[in-house]
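**Q** Provided herewith is a single structure, encoded as structure tokens, for subsequent inquiry.
Chains as they are written, first to last, in our numbering: chain D, 3 to 360; chain H, 2 to 295.
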């Protein structure tokens with residue numbers, strides 16, 4: 003178990019900066035997920051912690067030791083790679099035991115530790131097979147066992163489940179959760195899958211274009227996105243975002259002149275202020291035409307989800323998605339009225355995308 | 002399931018394999034069958050009939066101590082040239098694979114020696130290694146007489162072997178580099194995370210994974226060092242001094258074209274051919290077992 007401190011870390015490839023300065027504190031024993039779209043620099047950050055990528059600027063410390071100049075083997079991290087990176091010419095037993103062999107651990111102890119780790123991820127029947135003879139899920143478990151056997155201070159996961167099918171992914175997710183609970187090792191997990199991120203993380207780090215957008219607990223990030231990017235990226239179906247401004251009476255004007263009554267946003271409704279109003283589909287409900295603040299809209303199409311459905315509608319030139327539990331048929335072109343739940347509104351500056359608290 | 006192409010036209014397939022078949026027949030089977038025939042007869046140097054000799058040509062060769070000398074020399078030549086060439090090529094390839102500066106340039110520069118004909122390289126190296134005037138001869142200025150391939154057989158053999166190895170480096174390099182680059186980067190990185198240093202990773206991870214390529218190169222190099230050494234030796238030493246660089250293929254030339262012993266030379270070339278076939282067979286049988294194909 004070790005704490006990881008990342009201070010002002012930057013990365014440039016040749017002259018092109020890809021990470022613009024990241025500051026993160028990871029507590030000992032914490033499970034941290036770095037989430038972001040592809041190309042945001044999340045894997046690069048992880049590889050800098052691992053020592054596979056040089057740190058252009060700034061400082062990374064693991065367990066209080068600055069590791070900038072240390073080789074991967076001196077950092078005490080173990081890594082699970084996206085494509086498993088198993089040694090194809092070695093049996094599962096030798097794959098798992100390779101790090102111990104390199105570290106000159108005596109054979110008897112090595113065998114014992116390999117066996118113990120193999121048991122914990124149910125791999126004993128496959129110890130004498132080669133990776134080529136294993137299924138995707140089994141290979142994934144070998145990769146995890148190989149990381150675990152060294153009893154590292156830190157686990158690093160680089161999109162480890164992206165080659166697995168949906169069902170296996172869910173199973174591996176709970177496996178990783180369980181292992182983390184049992185071993186309590188500080189873990190950094192990189193993914194672009196928000197469900198994976200939400201379910202695994204103690205702490206979530208959202209990255210975009212080489213910058214950290216937000217750090218927080220998953221629910222915190224979901225309920226209080228710090229920026230328009232986070233609001234848009236987290237949550238499925240995605241949040242409704244309307245660009246517009248407040249008029250003299252404090253109404254929010256958007257699209258082709260649609261007006262919304264947003265009296266709960268008291269205090270920030272300066273007329274002419276350009277903002278982005280966000281509301282999650284579950285915060286948009288169908289309502290009667292005479293309800294207070296009802297927004298008239300026209301149904302475009304309906305997505306059935308089974309237990310509920312998503313109504314995609316057009317409200318005065320703005321696209322709006324509402325979560326609906328009714329099962330009555332709604333044809334394209336049907337007029338409906340929608341209302342926004344009071345507590346569910348998010349406001350962002352149009353200029354820099356940062357959250358405007360209210 | 003294997004899919005087979007079926008030709009309705011009976012002539013077309015023959016036309017398609019025709020050119021290749023013709024080449025193989027004219028340039029391999031015909032000369033070989035001729036050599037085989039000569040090896041069992043006594044052929045007159047100026048033509049005009051021959052005598053059936055049975056195994057006498059072979060028995061005569063096998064009783065000749067000088068012949069066994071060339072066999073041993075050839076074996077040493079093959080092992081040394083192959084080992085040297087492959088080792089240097091592998092070292093260069095692994096440097097280039099580690100993406101050191103100038104990789105793009107070296108990738109093409111290193112293949113060039115392969116494009117040089119052996120006699121041309123031989124002439125060039127004769128100057129380089131010349132004890133009186135060459136680059137290497139400069140050490141004679143410091144320690145007079147320390148380098149003398151003209152009279153010292155060991156020097157001469159070493160010189161030819163180095164040249165042979167040098168010629169093959171480019172070819173070996175390209176294959177080694179391609180094989181190294183086929184290994185996913187992450188395997189090397191996983192090795193680094195597991196604590197192995199670069200040299201250890203080379204031995205434990207990269208070498209086993211390029212074994213199929215190394216095996217292929219081993220066969221190609223061994224065959225080439227038995228059969229392609231003629232051009233170098235002829236231009237550099239002509240088998241000398243006193244036959245100390247005479248390998249099997251060169252003795253065939255000397256006996257056949259200088260000594261006009263066509264039958265003896267034919268028998269020797271049959272032996273050389275069987276030896277190369279046998280060696281290749283042995284390598285497939287014993288070495289390939291240890292090679293892990295993915």
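Ideal placement from N, C-alpha and C gives every residue a C-beta, glycine not left out.
Cβ atoms of residue 152 of chain D and residue 93 of chain D: under 8 angstroms apart, would you say?
**A** No, the Cβ-Cβ distance between residue 93 of chain D and residue 152 of chain D is not below 8 angstroms.
**Q** Taking only beta carbons into account, state which residues of the segment 164–187 of chain D come closer than 8 angstroms to chain H, listed in chain order.
**A** The residues in question: there are none.
**Q** Quickly, what does DSSP pair residue 7 of chain D with across the bridge? List them, please.
**A** The partner list for residue 7 of chain D (beta bridge, DSSP) reads D/27, D/63.
**Q** Output yes or no for whether 8 angstroms exceeds the beta carbon distance between residue 192 of chain D and residue 45 of chain D.
**A** Closer than 8 angstroms, so yes.
**Q** Thinking C-beta only, is residue 150 of chain D closer than 8 angstroms to residue 163 of chain D?
**A** Result no, Cβ atoms of residue 163 of chain D and residue 150 of chain D do not sit closer than 8 angstroms.
**Q** Report all residues from its chain with a CB closer than 6 angstroms to the CB of residue 253 of chain H; omit the five preceding and five following residues, and keep chain order.
**A** Only 266, 269, 270 meet the Cβ criterion.
**Q** Of the residues that make up the segment 40–60 of chain D, which ones have a beta carbon closer than 8 angstroms to any beta carbon in chain H?
**A** For the segment 40–60 of chain D, which is checked against every Cβ of chain H, the residues closer than 8 angstroms are 52, 53, 54.
**Q** Under 8 angstroms between the Cβ atoms of residue 187 of chain H and residue 165 of chain D?
**A** No, the Cβ-Cβ distance between residue 187 of chain H and residue 165 of chain D is not below 8 angstroms.
**Q** Can you check whether the C-beta of residue 206 of chain H is within less than 8 angstroms of a C-beta belonging to chain D?
**A** Taking Cβ atoms only, chain D reaches closer than 8 angstroms to residue 206 of chain H, which makes this a yes.
**Q** Of all Cβ atoms in chain D, is any one closer than 8 angstroms to the Cβ of residue 213 of chain H?
**A** Taking Cβ atoms only, chain D never reaches closer than 8 angstroms to residue 213 of chain H, which makes this a no.
**Q** Cα-Cα, which of H/172, H/205, H/241 is closest to residue 184 of chain H?
**A** Selected option, being the one with the closest Cα: H/205.
**Q** Against chain H, which members of the segment 211–222 of chain D pass a CB distance test of less than 9 angstroms?
**A** Those residues of the segment 211–222 of chain D that come within reach of chain H (Cβ to Cβ, closer than 9 angstroms) do not exist; the list is empty.
**Q** Of the residues H/65, H/247, H/82, H/218, which one's Cα is nearest the Cα of residue 154 of chain H?
**A** The option with the nearest alpha carbon to residue 154 of chain H is H/247.
**Q** Who does residue 203 of chain H pair with in a DSSP beta bridge?
**A** According to DSSP, residue 203 of chain H bridges with nothing at all.
**Q** Considering only residues of the segment 81–125 of chain H, which uninterrupted alpha helix (DSSP H) runs meet the minimum length of 4 residues and lie entirely inside it, listed in chain order?
**A** For the segment 81–125 of chain H, whole alpha helix (DSSP H) runs of length 4 or above, ordered along the chain, are 104–110.
**Q** Assuming residue 207 of chain D contacts residue 26 of chain D (C-beta within less than 8 angstroms), just tell me the rounded distance between them.
**A** At roughly 6 angstroms, the Cβ-Cβ gap stays under 8 angstroms, so residue 207 of chain D and residue 26 of chain D are in contact.
**Q** Which same chain residues end up closer than 6 angstroms to residue 59 of chain D when comparing Cβ atoms and leaving out the 5 residues on each side of it in sequence?
**A** Hits under 6 angstroms: 12.
**Q** May I ask you to list the residues that DSSP assigns as paired with residue 15 of chain D?
**A** Beta-bridge pairing links residue 15 of chain D to D/18.
**Q** What residues in the segment 284–309 of chain D have a beta carbon less than 7 angstroms from any beta carbon of chain H?
**A** Cβ contacts with chain H: none found.
**Q** Would residue 117 of chain H count as contacting chain D if we go by Cβ distances under 8 angstroms?
**A** No, because no Cβ of chain D sits closer than 8 angstroms to the Cβ of residue 117 of chain H.
**Q** Using a cut-off of 8 angstroms between C-beta atoms, extract the partners of residue 229 of chain H located in chain D.
**A** Neighbours of residue 229 of chain H on chain D: none; closest Cβ ~32 angstroms, over 8 angstroms.
**Q** With hydrogens ignored, establish whether the beta-carbon of residue 298 of chain D is closer than 7 angstroms to any heavy atom of the ligand SAM.
**A** Because no ligand of any kind appears in the structure shown, any question about the ligand SAM cannot be addressed here.
**Q** Can you check DSSP and say which residues form a bridge with residue 249 of chain D?
**A** DSSP, once it has assigned bridges, lists no residue as partnering residue 249 of chain D.
**Q** Between which two residues does the beta strand (DSSP E) containing residue 42 of chain H stretch?
**A** Taken as a continuous stretch (DSSP letters only), the beta strand (DSSP E) holding residue 42 of chain H covers 42–44.
**Q** What three-state label does DSSP hand residue 42 of chain D in the structure shown?
**A** Reduced to three states, the DSSP call for residue 42 of chain D is coil.
**Q** Which residues in the same chain have their Cβ closer than 8 angstroms to the Cβ of residue 203 of chain H, if we skip the five residues on either side of it in sequence?
**A** Contacts found: 95.
**Q** Who are the near neighbours of residue 335 of chain D in its chain, counting only those whose CB is closer than 7 angstroms to its CB and skipping five residues on each side?
**A** Correct list, in chain order: 300, 301.
**Q** Can you check DSSP and say which residues form a bridge with residue 53 of chain H?
**A** DSSP lists H/42 as partners of residue 53 of chain H.
**Q** Quick test of the definition: if touching needs 3 or more C-beta pairs under 8 angstroms, does the segment 207–222 of chain D touch the segment 285–298 of chain D?
**A** No, they do not touch.
**Q** Would DSSP call residue 87 of chain D helix, strand or coil?
**A** Residue 87 of chain D falls in the coil class under three-state DSSP.
**Q** With a threshold of 8 angstroms between beta-carbons, can residue 317 of chain D be considered close to chain H, or not?
**A** Residue 317 of chain D does not count as touching chain H.
**Q** Counting only Cβ pairs nearer than 9 angstroms, list the residues of chain D close to residue 190 of chain H.
**A** The answer, in chain order, is 49, 52, 54, 74, 81, 83, 87.
**Q** Determine the contact status of residue 174 of chain H and residue 214 of chain H, defining contact as a CB-CB distance below 8 angstroms.
**A** It is not a contact, given that the beta carbons lie outside the stated cut-off.
**Q** Could you compute how far the alpha carbon of residue 183 of chain D sits from the alpha carbon of residue 108 of chain D?
**A** Taking the straight line joining both Cα atoms gives about 29 angstroms.
**Q** By the DSSP assignment, the beta strand (DSSP E) with residue 261 of chain D in it spans what residues?
**A** Per DSSP, residue 261 of chain D belongs to the beta strand (DSSP E) from 260–262.
**Q** Skipping 5 residues on each side, what residues in its chain have a beta carbon closer than 6 angstroms to that of residue 117 of chain D?
**A** No residues qualify anywhere along the chain.
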